[in-house]
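Residue numbers (our numbering), protein chains in the order written: chain E, 1 to 334; chain H, 1001 to 1310.
The C-beta atom is built at its ideal place from N, Cα and C for all residues, glycine as well.
Heads up, the thing below is written out as C-alpha cells.
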Amino acid sequence: MGSFILRRLGQTIFVVWGALSLTFLLFVATPGSALDELGGGGRNIDSQVKANITKNYGLDKPLPVQYLIFFKNLGKWNLGEGTASPNNGKSVNSLLTERLGNSLRLAFWGILIEATVGIVIGVVSAVKRNSPVDYVSSFGALALSGIPVFVLGILLQYLLGVKFNQWHFPQWAKFPIQGIPSKWWGPIPISSDWKKVVLPAFTIASVSTGVLTRISRSSLLEVLRADYMRTARAKGLSERRVILKHGLRNSLIPVVTTLGIDLGVAFGIAPLTETVFNWPGLGSAITGAASSQDIPVALGLLIPVVLAIAILSLLVDIAFAYLDPRVRVTGGRA
Amino acid sequence: MNAPDQIDQSKLLDEGFDPIPFNPRKDTWRRFRRNKAAMLGALWGITLAVVAVIGPVIQRYDPTKLDLNLNPDGTLGCTLKGPTKEHWLGCDLLGRDLWSRVVNGARISMTIALSTLVVSLVIGLVLGAVAGYSGGRAETIIMRLNDVFSAVPYFAVILAFTSTFGNSILPLAAAIVTIGWMSTARLFRSSVLQINNLDYVEAARASGLTTFQILRHHIAPNAIQPIIASVGASIGGAILSEAVFSFLGIGLLPPTPSWGVMVGEARDYITTSPHLFFVPAGALLITTLAFTFMGDGIRDALDPKLRGIA
Chain E
1 MGSFILRRLG
11 QTIFVVWGAL
21 SLTFLLFVAT
31 PGSALDELGG
41 GGRNIDSQVK
51 ANITKNYGLD
61 KPLPVQYLIF
71 FKNLGKWNLG
81 EGTASPNNGK
91 SVNSLLTERL
101 GNSLRLAFWG
111 ILIEATVGIV
121 IGVVSAVKRN
131 SPVDYVSSFG
141 ALALSGIPVF
151 VLGILLQYLL
161 GVKFNQWHFP
171 QWAKFPIQGI
181 PSKWWGPIPI
191 SSDWKKVVLP
201 AFTIASVSTG
211 VLTRISRSSL
221 LEVLRADYMR
231 TARAKGLSER
241 RVILKHGLRN
251 SLIPVVTTLG
261 IDLGVAFGIA
271 PLTETVFNWP
281 GLGSAITGAA
291 SSQDIPVALG
301 LLIPVVLAIA
311 ILSLLVDIAF
321 AYLDPRVRVT
331 GGRA
Chain H
1001 MNAPDQIDQS
1011 KLLDEGFDPI
1021 PFNPRKDTWR
1031 RFRRNKAAML
1041 GALWGITLAV
1051 VAVIGPVIQR
1061 YDPTKLDLNL
1071 NPDGTLGCTL
1081 KGPTKEHWLG
1091 CDLLGRDLWS
1101 RVVNGARISM
1111 TIALSTLVVS
1121 LVIGLVLGAV
1131 AGYSGGRAET
1141 IIMRLNDVFS
1151 AVPYFAVILA
1161 FTSTFGNSIL
1171 PLAAAIVTIG
1181 WMSTARLFRS
1191 SVLQINNLDY
1201 VEAARASGLT
1211 TFQILRHHIA
1221 PNAIQPIIAS
1231 VGASIGGAIL
1241 SEAVFSFLGI
1251 GLLPPTPSWG
1261 VMVGEARDYI
1271 TTSPHLFFVP
1281 AGALLITTLA
1291 FTFMGDGIRD
1301 ALDPKLRGIA
C-alpha cells in the first residue's frame, strides 16, 4: 500500500507540474493581453505609461524568466493581481478567499442532492428491475444526464420565477432566481433568503444525479447476482436485510468513487450555474476574467482548481486501492 | 422425394428467421432498431445533418440581416414578434429571423461536431493503439501526456485558441479536440491491451505477421467496439461544448447565429419574449437528448450483455 501511495503521489506531482506549465504557456504565450484593453475602447495610451506597466508586471522579461517567476510566486502562494476591471489591482489571493467559500457551498448542496437522489432512485430501480418504476426512472436518469446545464437553469428560473406566478401558483414562485443568501453558518444558509440556494443547487446537481443514478443501479444489479447474495437469502435473512446490508454496502464502491470525482466536476460546470444564477463563486469570477482578458486573475484562480482536482483524484485512487487490493498491483482505476 | 420434416426456407424468412445462422452486424442493427428512443435520436441526428447540408436553401432569410424598419404602430420591423407567416419562428431583438438563425446554428453545431469527432478519433486511435500495443516508454509518455491534458483547465485551452486565432469555428473546433482526444485514447488503449493478451493474437504473432497486419486485421476490428459505442456521446458532447463556451462568451461571439450565442442573448428577454430562449434552447436540448439516447442505444446493441445493467 505504501509503495502504491508513493508511486501515485509522484505521478500526481508530475501531472500538476505539467498542467500548470501548460496552462501558463497557453495564457502567457497568446497575443491578446489586458494592455490592449487598457484605458478602454481603443483610447491611445502614452507609450511611457504602457512601458511602465509592462515593466511593473514583468512582461518585458523573456518567457523562461517569466516562467520561473511564476513558479517562484506560486511557491510563496502569491497568485498575482488583477489587470482589468472589475478586479483591477486587486490581489488574486483575496479574490480567491472571497469566492472559494461560495463555490464550495454550492458544491456541497449539489453533491448532497446528487448522492441522496441518485442512490435512492438507483437502488429502487435495481430492486424493482424491469418494472414500470425501473423503466421510468432509468429513462429519466438517462434524459437528465443529457440536459445542458444552463438550459435547465434558465428554464427553472422561467418556470418558478415567472410562469408559476402568472398561473396562480404563488407558493411556487417563492424561489428567488438570482443571487446568494447573505449569511452562512458553514455550508448552511441562516438568513431569511436561504431559498436562493435551492434552484442553483438543483441545477448544478442535475447532470451528475442522472449519471450517479445509472451507476448505483448497475452496480447494485451486479452485486445482486453474486453468490453471497444467494447465501444470504438461503440462510433466511429478510429481503430488506439482504438488500440493504449485503447488497447496498458492496455496491457503494463505484458510487463513492463517482461522488469524489464529481466534486471536481462540480467545479468544472460551476461557471454555467454561477453565471445563470449570478452566484458569486470561483466559476463566474473565472468566466468574467476570461472574457475581459484579465489573464492574471483567470490564471491565478484556475491554479487552485487544478490543484484541488489533482488532489481529489489522488485521494479517490488511494481510497479505491484501500478498498480493492487488486488496484494496487495493476495501478489504476478500472 | 421430400422428407416430411424438411424446412421450408421461404416460410422461415417470412417469420423473420435468417437462413444464415448468425450475422453479428444484422443482429446489432436488429437490437438497435428495437430501441425506440435510440431510433428517434438517430432520426433527429440524420435530420440535423440534412438541415446542415441544405441550410442555405431552406433558411429563407440572411440570419444576420436586421429588420428595423419603423412600422405605423411605432414598433420596429419584426423585432421580438412571435411566429408569423413570413417569420416561422418569429424574430429576435434586432429583427433577425429566428428560423434562419436556428437553421444556421444547426449548421455550425454539425460542422463542429463532425470535424472534432473525426480529428479526435484519428488522434485518439493512433495514440491509443501505440500505447496499448507497444507498451514501454511510448506508453508511459502517451499516458502521462494524457493525464496532463486532462488536468489542464478547458478555460486555458479555449482562451489560448480564440485569442490567437479569433472567435470563429475553426479555432473553437481545434480547442474542443485539444480537450477531448484523451478519453478516446485511454479507452482504445485499454481495449487494445485486453485483446492483445488473447490467444488468437499470440497465434497471429507466431505465424510471423507484421505489427501493422496484426493491429489492422486482428486487434483493431475487436478493439474498436467500445469506441463505436462512445461515438453518440462524443457528438453530443462536442455540440454541447460549443454551446457552453459560446454561452459563456468565450466561444463564438454575437452576431454569429450559434445556439449557445442565441441562448445567451435571449436570457435578458425571457420574461417578455420567451420564444427567443425557447427556439435555440429547444433545438439544443432536443439535440443533446437525441445523441444521448442514440449513444445509449448503440452501446446496448453492440454489447447485449450490458443490456439493462449499464
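**Item:** H:Ser1134, buried or exposed, once every other Cβ within 10 Å from all chains shown has been counted against 16
**Value:** Counting C-beta atoms within 10 angstroms of its own C-beta, H:Ser1134 has fewer than 16 neighbours from the protein chains shown and is therefore classed as exposed.
**Request:** Assess, as a yes-or-no matter, whether the region 1230-1238 of chain H is touched by the region 1104-1124 of chain H under the definition of 3 or more beta carbon pairs within less than 8 Å.
**Result:** The answer is yes - the region 1230-1238 of chain H touches the region 1104-1124 of chain H, with three or more Cβ pairs under 8 Å.
**Message:** Could you check whether the region 1238-1250 of chain H touches the region 1154-1172 of chain H, counting it as contact only if at least three pairs of C-beta atoms, one from each stretch, sit closer than 8 Å?
**Reply:** When C-beta atoms of the region 1238-1250 of chain H are compared with those of the region 1154-1172 of chain H, three or more pairs fall below 8 Å, so the two segments count as touching.
**Asked** Roughly how many whole angstroms lie between the Cα atoms of H:Thr1028 and H:Ala1290?
**Response** Computed Cα separation, rounded: 19 Å.
**Message:** Helix, strand or coil, according to DSSP, for H:Ser1100 in the structure here?
**Reply:** Looking at H:Ser1100 - three-state DSSP - the assignment turns out to be helix.
**Message:** Pop quiz: H:Phe1212 and H:Leu1125 are said to be a contact at Cβ under 8 Å. What is the actual Cβ separation, rounded to whole angstroms?
**Reply:** H:Phe1212 to H:Leu1125, Cβ: 14 Å. No contact.
**Prompt:** Buried or exposed: which applies to H:Leu1117, given that a residue is buried once 16 or more other Cβ atoms fall within 10 Å of its Cβ?
**Reply:** Buried is the call here.
**Asked** To the nearest angstrom, how far is it from the Cα of H:Leu997 to the Cα of H:Ala1052?
**Response** There is no way to answer for residue 997 of chain H, as the model of chain H reaches only from 1001 to 1310.
**Asked** For H:Ser1241, does the three-state DSSP call read helix, strand or coil?
**Response** The answer is helix: DSSP assigns H:Ser1241 an H, G or I state.
**Request:** Hey, could you find the ends of the alpha helix (DSSP H) E:Ser219 is sitting in?
**Result:** First-last of the alpha helix (DSSP H) with E:Ser219: Val198 to Leu224.
**Request:** Closer than 6 Å by C-beta to H:Gly1295: which residues in its own chain qualify, once you throw out the five before and the five after it? Chain order, please.
**Result:** The answer, listed in chain order, is Gly1232 and Ala1233.
**Item:** Spatial neighbours of H:Val1157 in its chain, beta-carbon cut-off 6 Å, leaving aside the 5 residues before and after
**Value:** Closer than 6 Å at Cβ, skipping near neighbours: Ala1175, Thr1178 and Ile1179.
**Element boundaries [alpha helix (DSSP H), containing H:Trp1346]** = In the structure as shown, chain H begins at 1001 and stops at 1310. Residue 1346 of chain H is therefore absent and cannot be evaluated.
**Request:** Tell me, to the nearest whole angstrom, how far the beta carbon of H:Gln1059 is from that of H:Asn1104; I am working on the premise that it is less than 8 Å.
**Result:** H:Asn1104 and H:Gln1059 do touch by the CB rule: their CB atoms are close to 6 Å apart, below 8 Å.
**Message:** Closer than 7 Å between beta carbons: that is the criterion. Which residues of the region 1147-1170 of chain H meet it against chain E?
**Reply:** Residues of the region 1147-1170 of chain H with a C-beta atom less than 7 Å from some C-beta of chain E are Asp1147, Val1148, Ala1151, Val1152, Pro1153, Phe1155, Ala1156, Val1157, Leu1159, Ala1160, Ser1163 and Thr1164, listed in chain order.
**Request:** Spatial neighbours of E:Lys196 within its chain, please: CB distance less than 7 Å, with the 5 preceding and 5 following residues excluded, ordered by chain position.
**Result:** Excluding residues within five positions, the ones whose Cβ falls inside 7 Å are Pro176, Gly179, Ile180 and Pro181.
**Prompt:** Does the beta carbon of H:Phe1165 fall short of 7 Å from some heavy atom of the ligand FMN?
**Reply:** Of the ligands one can find in the structure shown there are none, so the ligand FMN has no counterpart to examine.
**Item:** 8 Å Cβ cut-off: residues of chain H touching E:Phe27
**Value:** At a beta-carbon threshold of 8 Å, the residues of chain H lying near E:Phe27 are Ala1156, Leu1159 and Ala1160, ordered along the chain.
**Item:** Which of helix, strand or coil DSSP assigns to E:Gly332
**Value:** Residue placement at E:Gly332 is flagged as unreliable, the pLDDT there being 45, under the threshold of 50; the coordinate-derived value follows with that caveat. Coil.
**Request:** Check whether the region 1198-1207 of chain H touches the region 1253-1262 of chain H, counting contact only when three or more Cβ pairs, one atom from each stretch, lie closer than 8 Å.
**Result:** The region 1198-1207 of chain H is not in contact with the region 1253-1262 of chain H.
**Asked** Among the residues of its own chain, which have a CB less than 6 Å from the CB of E:Gly161, if the five just before and after it don't count?
**Response** Take E:Gly161, set aside five residues on each side of it, and the residues of its chain with a beta-carbon closer than 6 Å to its own are Ile177, in chain order.
**Item:** CB contact check: E:Pro280 to chain H, cutoff 8 Å
**Value:** Interface flag for E:Pro280 against chain H is unset, since no Cβ pair is found closer than 8 Å.
**Message:** So with CB distances below 7 Å, who are the chain H contacts of E:Ser291?
**Reply:** Correct list: Gly1249 and Ile1250.
**Item:** Cβ-Cβ separation, E:Ile113 to E:Ala346 (assumed contact under 8 Å), whole Å
**Value:** Not covered by the structure: residue 346 of chain E. The range shown for chain E is 1 to 334.
**Asked** Excluding five sequence neighbours on each side, which residues of the same chain lie with their C-beta closer than 6 Å to the C-beta of H:Asn1069?
**Response** Cβ neighbours of H:Asn1069 beyond the five flanking positions: Gly1077.
**Prompt:** Of all the CB atoms in chain E, is at least one closer than 8 Å to the CB of H:Lys1036?
**Reply:** Chain E contact via Cβ: absent.
**Prompt:** Any C-beta of chain E sitting closer than 8 Å to the C-beta of H:Phe1293?
**Reply:** It does: the Cβ of H:Phe1293 has a partner Cβ on chain E nearer than 8 Å.
**Asked** Closest Cβ-Cβ distance between H:Asp1296 and chain E: below 8 Å?
**Response** Closer than 8 Å to some Cβ of chain E, the Cβ of H:Asp1296 qualifies, so yes.
**Prompt:** Does H:Leu1312 come within less than 8 Å of chain E when only Cβ atoms are used?
**Reply:** What is shown of chain H runs 1001 to 1310, which leaves residue 1312 of chain H out entirely.
**Prompt:** For the region 89-109 of chain E against the region 277-287 of chain E, are there 3 or more C-beta pairs whose distance is under 8 Å?
**Reply:** Yes, the region 89-109 of chain E touches the region 277-287 of chain E.
**Prompt:** Does the count of Cβ pairs from the region 291-304 of chain E and the region 6-25 of chain E closer than 8 Å reach three?
**Reply:** Contact between the region 291-304 of chain E and the region 6-25 of chain E is present, with at least three C-beta pairs closer than 8 Å.
**Asked** Where does H:Ser1241 land, buried or exposed, given buried means 16+ other C-beta within 10 angstroms?
**Response** With 16 or more other Cβ atoms within 10 Å, it is buried.
**Request:** Assuming H:Pro1280 contacts H:Val1102 (C-beta within less than 8 Å), just tell me the rounded distance between them.
**Result:** At roughly 6 Å, the Cβ-Cβ gap stays under 8 Å, so H:Pro1280 and H:Val1102 are in contact.
**Item:** Collapsed DSSP secondary structure at E:Glu81 in the structure displayed
**Value:** E:Glu81: strand per DSSP, three-state reduction.
**Message:** What does DSSP give as the partner residue(s) for E:Ser91 in the beta ladder?
**Reply:** E:Ser91 is bridged to E:Glu81.
**Prompt:** For E:Pro189, which three-state DSSP category applies?
**Reply:** Strand.
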